[in-house]
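Engineer:
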Amino acid sequence: MSDKLIEDLDILGKPYQVVLVDPTFEEGTYGQCDDANGTLKIRRGQKDLLELDTVLHEMTHAIDFAMALRLKERQVAAYAAGLVCVLKANPHLLDYIWEKLNAESDDGN
Ligand SMILES: [Zn+2]
């Protein structure tokens, strides 16, 4: 059984559906990036910050796949966890990012 978690994502032009799944993964696994089917599977029942970490982690795998970066699992895990920590410690950063993204679309830069 799965539920849609958030809106579909466009990751470098490829559509991905983000779904919650029951914890049928192996021990210690919280998500899975299924590039072939365009699905990011997120383990149901995680605490909010861990779920966010998992979504960012699986998004990073999708970017890695699209750009053939060949990141190691440890690099993906550290990037996602680091990003969650920085965003949590600096909540105003999200406003800045949103402002810059919108400004860019307004003036064509
Ligand atoms: Zn991973």
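Our numbering numbers the first residue of the sequence shown as 912 and each following residue consecutively.
Here a beta-carbon is modelled for each residue, glycine too, at the ideal position from N, C-alpha and C.
(1) Pick out whichever of 959, 927 and 960 has its Cα sitting closest to the Cα of residue 949.
(2) Going along the chain, which residues of its own chain have a beta-carbon closer than 7 Å to the beta-carbon of residue 987, five neighbours each way excluded?
(3) Less than 8 Å between the beta carbons of residue 916 and residue 930, yes or no?
(4) Counting only the same chain and skipping the five closest in sequence on each side, list residues whose C-beta sits under 6 Å from that of residue 992.
(5) For residue 922, report the span of its alpha helix (DSSP H) as first-last.
Structural biologist: Taking the coordinates as given:
(1) Position 38 of the sequence shown, counting from 1, holds the residue named residue 949. Looking from the CA of residue 949, the closest CA among 959, 927 and 960 belongs to 927.
(2) As a first step, residue 987 must be located in the sequence shown, where it is residue number 76. Excluding residues within five positions, the ones whose Cβ falls inside 7 Å are 968, 971, 972 and 975.
(3) The residue given as residue 916 occupies position 5 in the sequence shown. The residue given as residue 930 occupies position 19 in the sequence shown. Remark: C-beta atoms of residue 916 and residue 930 approach each other more closely than 8 Å.
(4) Taking the first residue of the sequence shown as position 1, residue 992 is located at position 81. Counting only Cβ-Cβ distances below 6 Å, and skipping sequence neighbours, we find 964.
(5) As a first step, residue 922 is located in the sequence shown; it is residue number 11 there, counting from the start. Note, residue 922: premise wrong, no alpha helix (DSSP H); beta strand (DSSP E) at 920-922.
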